[in-house]
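Undergrad: Numbering (the working numbering), first residue to last: 38 to 666.
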Amino acid sequence: MEQYQIDVNDSRVYPMGLTRTDGGIHVSAVAAAKACSLLLFVKEDKNGKEARFREVRNIPFPEEGKTGHVWSMTLNGAFDDLYYAFEADGKRFSDPYGRSFAGRERWGRLSHAKRLLLSPVAEPEFDWQGDRPLHIPYEDCIVYRAHVRGLTKHASSGTEHRGTFRGVVDKIPYFKELGITTLELLPPVEFQEVMMPENVEGNPYGTSEPTSRLNYWGYAKAGMFAPKASYADPGTNPVTEFKYMVRELHKAGLEVVPELYFSGKEVPEFVLETVRFWVREYHVDGIHLTGYAPTVLLAKDPYLADTKLWALSWEAEKPAAGEKKHLGEYNDGFLIDMRRALKGDEEQMSSLIYRNRRNPAETGVLNFMAGTNGFTMMDMVSYDQKHNEANGENNRDGSDYNYSWNCGAEGHVRKKKIQELRSRQLRNAMLLLFLSQGTPVLLAGDEFGNSQNGNNNAYCQDNEISWLNWNLNKWDQALLDFVKHVIAFRKAHPVFHMEQEPRVMDYLACGHPDISYHGVNAWQPEFENFRRQIGILYCGAYAKKPNGENDDFFFVIFNMHWEPHSFALPNLPKNLVWSLAFDTSDSAAGGYYEEGQERQILNQKNYMVPSRSVLVFQGKKKAKNLDKA
Numbered sequence: 038m039e040q041y042q043i044d045v046n047d048s049r050v051y052p053m054g055l056t057r058t059d060g061g062i063h064v065s066a067v068a069a070a071k072a073c074s075l076l077l078f079v080k081e082d083k084n085g086k087e088a089r090f091r092e093v094r095n096i097p098f099p100e101e102g103k104t105g106h107v108w109s110m111t112l113n114g115a116f117d118d119l120y121y122a123f124e125a126d127g128k129r130f131s132d133p134y135g136r137s138f139a140g141r142e143r144w145g146r147l148s149h150a151k152r153l154l155l156s157p158v159a160e161p162e163f164d165w166q167g168d169r170p171l172h173i174p175y176e177d178c179i180v181y182r183a184h185v186r187g188l189t190k191h192a193s194s195g196t197e198h199r200g201t202f203r204g205v206v207d208k209i210p211y212f213k214e215l216g217i218t219t220l221e222l223l224p225p226v227e228f229q230e231v232m233m234p235e236n237v238e239g240n241p242y243g244t245s246e247p248t249s250r251l252n253y254w255g256y257a258k259a260g261m262f263a264p265k266a267s268y269a270d271p272g273t274n275p276v277t278e279f280k281y282m283v284r285e286l287h288k289a290g291l292e293v294v295p296e297l298y299f300s301g302k303e304v305p306e307f308v309l310e311t312v313r314f315w316v317r318e319y320h321v322d323g324i325h326l327t328g329y330a331p332t333v334l335l336a337k338d339p340y341l342a343d344t345k346l347w348a349l350s351w352e353a354e355k356p357a358a359g360e361k362k363h364l365g366e367y368n369d370g371f372l373i374d375m376r377r378a379l380k381g382d383e384e385q386m387s388s389l390i391y392r393n394r395r396n397p398a399e400t401g402v403l404n405f406m407a408g409t410n411g412f413t414m415m416d417m418v419s420y421d422q423k424h425n426e427a428n429g430e431n432n433r434d435g436s437d438y439n440y441s442w443n444c445g446a447e448g449h450v451r452k453k454k455i456q457e458l459r460s461r462q463l464r465n466a467m468l469l470l471f472l473s474q475g476t477p478v479l480l481a482g483d484e485f486g487n488s489q490n491g492n493n494n495a496y497c498q499d500n501e502i503s504w505l506n507w508n509l510n511k512w513d514q515a516l517l518d519f520v521k522h523v524i525a526f527r528k529a530h531p532v533f534h535m536e537q538e539p540r541v542m543d544y545l546a547c548g549h550p551d552i553s554y555h556g557v558n559a560w561q562p563e564f565e566n567f568r569r570q571i572g573i574l575y576c577g578a579y580a581k582k583p584n585g586e587n588d589d590f591f592f593v594i595f596n597m598h599w600e601p602h603s604f605a606l607p608n609l610p611k612n613l614v615w616s617l618a619f620d621t622s623d624s625a626a627g628g629y630y631e632e633g634q635e636r637q638i639l640n641q642k643n644y645m646v647p648s649r650s651v652l653v654f655q656g657k658k659k660a661k662n663l664d665k666a
């Protein structure tokens with residue numbers, strides 16, 4: 038049996054976990070215990086059956102290697118093909134710094150719930166091929182938020198690698214066609230999906246047995262340094278699979294931002310080490326910090342100075358001259374205000390223009406109309422109430438505040454009038470999202486009307502409620518075509534994604550402010566509590582296209598009222614006329630008009646804006662031989 042010798046000359050404590058040395062390994066573990074040991078295992082071949090592990094060594098940490106609650110030692114010897122865990126005062130535990138784990142390769146196995154997870158000593162090699170993070174500025178980002186498993190698990194996904202990191206790679210052509218720049222992934226770390234109810238303090242009847250429900254989302258205690266093994270194809274290494282996914286996404290010009298959940302019980306240093314590790318080891322472009330994280334510490338860390346960090350809020354300062362902001366504010370303020378405006382609540386126009394314009398100098402702003410903990414966008418226009426019965430909690434779970442309107446009937450209907458109204462409202466919502474200055478975040482599936490049947494808290498639904506169904510009907514395809522066009526339109530016109538927040542001032546002395554607000558009469562905005570309509574005029578002189586030319590003039594009218602309103606069209610400079618680029622009420626045209634096919638508005642001072650619709654006028658040179666629209 039291999040003999041291992043403790044290197045008494047190596048007294049270092051850090052780094053935590055296990056690291057390879059020239060002659061063996063260095064290990065550090067945290068345990069408030071009287072004794073602690075390193076456990077070594079070998080993997081036994083079971084002829085294709087599920088692998089089992091046999092313990093071969095129990096090596097105690099020396100007393101002189103203990104500092105506080107940290108046990109450390111350096112061992113010389115051969116450790117290839119071995120796996121490890123720790124034991125403290127007779128209790129065995131996995132390494133919280135383990136870079137991968139064996140024992141949970143198959144998703145949702147109840148028999149795996151209480152299994153000790155082992156980490157391999159060996160680290161796989163990977164050729165990054167010169168890969169680096171992309172550093173796309175916030176103003177140019179379009180984020181797509183997806184669940185690794187749910188994205189491709191459905192049989193309609195069109196990939197052989199369903200529910201895996203490779204499945205994400207297979208969707209790259211779709212991502213590129215859609216127009217996104219940044220892929221956000223719900224927690225891809227080694228979380229325990231089989232729910233283990235914890236004893237409630239003071240309750241003697243708690244249970245330590247697994248339940249039949251699964252934690253589908255992954256917001257739970259996890260091996261924070263390890264990609265989830267069941268998100269890798271069987272027989273592959275999750276470390277190399279995740280790296281391959283990142284590398285291929287980067288080759289396609291797509292950023293990767295995983296979500297990491299912290300409960301608040303972690304010491305700040307652990308959180309900092311975790312975030313740094315994912316940036317260094319996996320080349321991720323950013324981290325979405327969910328739960329509780331030491332944001333002040335992370336914001337000031339020099340190693341993360343050019344890494345996107347997203348959290349609910351930040352105490353941030355304006356970046357120094359020449360530096361790009363890397364912190365991003367990620368909360369549901371935009372969702373609440375814009376959903377209320379969309380369904381026609383009173384006193385929402387001030388909130389609408391605030392959310393539309395907001396782009397502070399200190400941080401990026403992540404805007405979204407739907408998230409995991411709430412209705413999808415389709416359910417937002419299809420349900421007045423949550424329908425979480427499938428969760429097994431008598432519909433008590435999930436928020437009661439959805440800011441939704443079902444357009445006249447609850448749930449799925451076949452009435453064409455209601456279907457058309459819902460489609461119009463979804464088009465309105467997409468324009469509210471993509472024509473706002475912040476960074477838009479699109480929940481996967483919202484672009485083609487994905488529904489969770491009114492479930493606004495599908496945390497335990499590992500089934501077709503949460504899996505994306507890629508079989509699209511005509512309504513789904515029409516919405517997808519609209520979203521593709523809106524994204525391309527946003528990208529083509531920098532007035533809708535300026536680097537700096539608009540000032541509502543004519544600071545270029547060009548005769549127009551960067552943006553201005555208008556009521557039914559030009560230059561006279563109306564913000565009374567009963568108003569449900571507003572016009573926003575954009576001056577293209579304040580935003581340069583990539584070729585250096587000024588962008589165009591745009592006049593966007595949001596009429597969230599259930600009645601039509603006549604709007605005066607602001608005057609344009611000479612040789613320009615208004616052309617209608619979007620009209621969400623025009624279902625026959627899909628709500629938009631292709632480049633060169635816009636409807637020109639000639640000799641017309643006013644325009645009747647239909648109820649519950651968004652119109653986008655674009656200032657263009659007058660076309661010849663065209664009659665008044």
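Ideal placement from N, C-alpha and C gives every residue a C-beta, glycine not left out.
1) In chain order, what residues of the same chain have a beta carbon less than 6 Å from the beta carbon of glutamate 446, not counting five sequence neighbours either side?
2) Let me know the secondary structure DSSP gives aspartate 499 once reduced to three states.
3) What span of residues does the beta strand (DSSP E) with leucine 222 cover, start to end?
4) Give the DSSP-derived three-state secondary structure of methionine 415 in the structure shown.
5) Considering only C-alpha positions, which residue in the set Asn274, Gln634, Val593 and Ala427 is nearest to phenylalanine 163?
6) Assign serine 148 to one of two classes, buried (16 or more other C-beta atoms within 10 Å of its C-beta) or exposed (fewer than that).
7) Once DSSP output is grouped into helix, strand and coil, what is the label at aspartate 44?
8) Quick one: Cα of phenylalanine 564 to Cα of asparagine 500, how far?
9) What does a CB cutoff of less than 7 Å around glycine 102 pick up in its chain, not counting 5 residues either side in sequence?
10) Please state whether DSSP places isoleucine 173 in a helix, a strand or coil.
11) Give me the DSSP bridge partner(s) of cysteine 444.
12) Given that a residue counts as buried once 16 or more other Cβ atoms are within 10 Å of its Cβ, and exposed if not, what is arginine 540?
13) Please check the pair aspartate 168 and threonine 189, which I expect to be a contact at CB under 8 Å, by giving their CB distance rounded to whole angstroms.
14) When burial is assigned at 16 or more other CB atoms within 10 Å of the CB, is serine 131 buried or exposed?
15) Could you check if valine 293 is buried or exposed, using at least 16 other CB atoms within 10 Å of its CB as the buried criterion?
16) What are the start and end residues of each continuous beta strand (DSSP E) run of 3 or more residues lying completely inside the segment 188-228, in chain order?
17) Spatial neighbours of tyrosine 120 within its chain, please: CB distance less than 8 Å, with the 5 preceding and 5 following residues excluded, ordered by chain position.
18) Quick one, are the C-beta atoms of alanine 257 and phenylalanine 299 less than 7 Å apart?
19) For aspartate 434, which residues in the same chain have their Cβ closer than 6 Å to its Cβ, ignoring the five residues on either side in sequence?
20) Count the other CB atoms within 10 Å of the CB of glutamate 142; is the residue buried (16 or more) or exposed (fewer)?
21) Please determine, among Pro133, Gln655, Val276 and Lys528, the residue with the shortest C-alpha to C-alpha distance to glycine 216.
22) Measuring alpha carbon to alpha carbon, tell me which of Ser48, Trp254, Val651 and Tyr340 ends up nearest methionine 232.
23) Under 8 Å by Cβ, that's how I've got threonine 311 and phenylalanine 279 pegged, so tell me the actual separation to the nearest angstrom.
24) Can you grab the Cα-Cα spacing for the pair alanine 336 / valine 450, in whole Å?
25) Following the continuous beta strand (DSSP E) through tyrosine 120, name the residue where it begins and the one where it ends.
26) Can you tell me where the beta strand (DSSP E) holding phenylalanine 595 begins and where it ends?
27) Per DSSP, tyrosine 367 forms a beta bridge with which residues?
28) Apart from the five residues just before and just after alanine 666, which ones in its own chain have a Cβ nearer than 8 Å to its Cβ?
29) Helix, strand or coil: which one does DSSP assign to tryptophan 347?
30) Who pairs with tryptophan 615 in a beta bridge, going by DSSP?
31) Given valine 653, which residues of its chain have a CB within under 6 Å of its CB, disregarding the five upstream and five downstream residues?
32) Helix, strand or coil: which one does DSSP assign to aspartate 620?
33) Looking at chain C, is there any beta carbon in it that lies within less than 7 Å of the beta carbon of glycine 105?
34) Could you give the residue range of the beta strand (DSSP E) that holds methionine 261?
35) Whole-angstrom Cβ separation of tyrosine 644 and leucine 613, contact assumed at under 8 Å?
36) Identify the continuous beta strand (DSSP E) that holds valine 532 and give its terminal residues.
TA: Taking the structure as given:
1) Reading the sequence shown from its first residue, position 409 is the one you call residue 446. Reading the sequence as shown, one finds alanine at residue 446 and not glutamate. Ile455, listed in sequence order.
2) Taking the sequence shown and counting its residues from 1, the one referred to as residue 499 is at position 462. In this structure, aspartate 499 counts as coil in the three-state DSSP scheme.
3) Numbered from its first residue, the sequence shown carries residue 222 at position 185. First-last of the beta strand (DSSP E) with leucine 222: 219-222.
4) Against the sequence shown, residue 415 aligns to sequence position 378. Note: methionine 415 maps to helix in three-state DSSP.
5) Position 126 of the sequence shown, counted from the first residue, corresponds to residue 163. Closest by alpha carbon: Asn274.
6) By 1-based counting over the sequence shown, the position of residue 148 is 111. Label assigned to serine 148: exposed.
7) Numbered from 1 along the sequence shown, position 7 holds the residue referred to as residue 44. Aspartate 44 falls in the coil class under three-state DSSP.
8) As a working mapping, residue 564 is identified with position 527 in the sequence shown. As a working mapping, residue 500 is identified with position 463 in the sequence shown. Between phenylalanine 564 and asparagine 500, the C-alpha separation is close to 45 Å.
9) Within the sequence shown, residue 102 is the residue found at index 65, counting from 1. Correct list, in chain order: Trp108, Ser109 and Met110.
10) The residue you call residue 173 lines up with position 136 of the sequence shown. Three-state DSSP puts isoleucine 173 in coil, outside helix and strand.
11) For the purposes of this step, residue 444 is identified with residue 407 of the sequence shown, where counting begins at 1. According to DSSP, which records beta bridges pairwise, cysteine 444 is partnered with nothing at all.
12) Along the sequence shown, one-based indexing puts residue 540 at 503. Result: exposed.
13) Taking the first residue of the sequence shown as 1, we reach residue 168 at position 131. Taking the first residue of the sequence shown as 1, we reach residue 189 at position 152. Actually they do not touch by this definition, with Cβ atoms about 23 Å apart.
14) Looking up residue 131 in the sequence shown gives position 94. Classification of serine 131: buried, given that the 10 Å Cβ count is 16 or more.
15) As a first step, residue 293 is located in the sequence shown; it is residue number 256 there, counting from the start. Its Cβ being crowded by 16 or more others within 10 Å, valine 293 is buried.
16) 219-222 and 226-228
17) What you label residue 120 is simply residue 83 of the sequence shown in a count that begins at 1. For tyrosine 120, where only same-chain residues beyond five positions count, the Cβ hits under 8 Å are Leu77, Phe78, Val79, Lys80, Phe90, Ala139, Leu155, Ser156, Pro157 and Val158.
18) The residue given as residue 257 occupies position 220 in the sequence shown. The residue given as residue 299 occupies position 262 in the sequence shown. Not a contact, by the Cβ cut-off of 7 Å.
19) Walking along the sequence shown from the start, residue 434 turns up at place 397. Once the five neighbours on either side are set aside, the close Cβ partners of aspartate 434 are Asn425, Asn428 and Asn494.
20) Walking along the sequence shown from the start, residue 142 turns up at place 105. The residue in question, glutamate 142, is buried, as its Cβ has 16 or more Cβ neighbours within 10 Å.
21) Along the sequence shown, one-based indexing puts residue 216 at 179. Ranking Pro133, Gln655, Val276 and Lys528 by Cα distance to glycine 216 puts Lys528 first.
22) Locating residue 232 in the sequence shown gives position 195, where the first residue counts as 1. Looking at the Cα atoms, Trp254 is the closest of the given residues.
23) Position 274 of the sequence shown, counted from the start, is the residue given in the question as residue 311. Position 242 of the sequence shown, counted from the start, is the residue given in the question as residue 279. At roughly 15 Å, the Cβ-Cβ gap does not stay under 8 Å, so threonine 311 and phenylalanine 279 are not in contact.
24) In the sequence shown, the residue the question calls residue 336 occupies position 299. In the sequence shown, the residue the question calls residue 450 occupies position 413. If I take the Cα positions, the gap works out to 48 Å.
25) Here residue 120 corresponds to residue number 83 of the sequence shown, with the count starting at 1. First-last of the beta strand (DSSP E) with tyrosine 120: 119-125.
26) Counted from its first residue, the sequence shown places residue 595 at position 558. From DSSP, the beta strand (DSSP E) with phenylalanine 595 extends over 591-596.
27) On the sequence shown, position 330 is the one that residue 367 refers to. Its beta-bridge partners are Leu403.
28) To locate residue 666, count along the sequence shown from 1; it is residue 629. Model confidence at alanine 666 stands at a pLDDT of 46, short of 50, so the residue's coordinates are unreliable; what they give is reported in the following sentence. Leu617, Arg636, Gln637, Ile638, Leu639 and Gln641.
29) Residue mapping note: residue 347 aligns to position 310 of the sequence shown, counting from 1. Tryptophan 347 falls in the strand class under three-state DSSP.
30) Along the sequence shown, one-based indexing puts residue 615 at 578. DSSP, once it has assigned bridges, lists Ile638 and Gly656 as partnering tryptophan 615.
31) Here the question's residue 653 lines up with position 616 in the sequence shown. Only Val593, Ala618 and Phe619 meet the Cβ criterion.
32) Counting from 1 along the sequence shown, the entry for residue 620 is found at position 583. Three-state result, aspartate 620: strand.
33) Going by chain labels, chain C is absent from the structure shown, which holds only one protein chain.
34) Locating residue 261 in the sequence shown gives position 224, where the first residue counts as 1. It spans 259-264 - the beta strand (DSSP E) in which methionine 261 sits, taken as one unbroken run.
35) If you number the sequence shown from 1, residue 644 lands on position 607. If you number the sequence shown from 1, residue 613 lands on position 576. Their Cβ separation, rounded to whole angstroms, is 16 Å, which puts tyrosine 644 and leucine 613 out of contact at 8 Å.
36) Indexing the sequence shown from 1 puts residue 532 at position 495. Premise fails: valine 532 is in no beta strand (DSSP E) and is neither H nor E.
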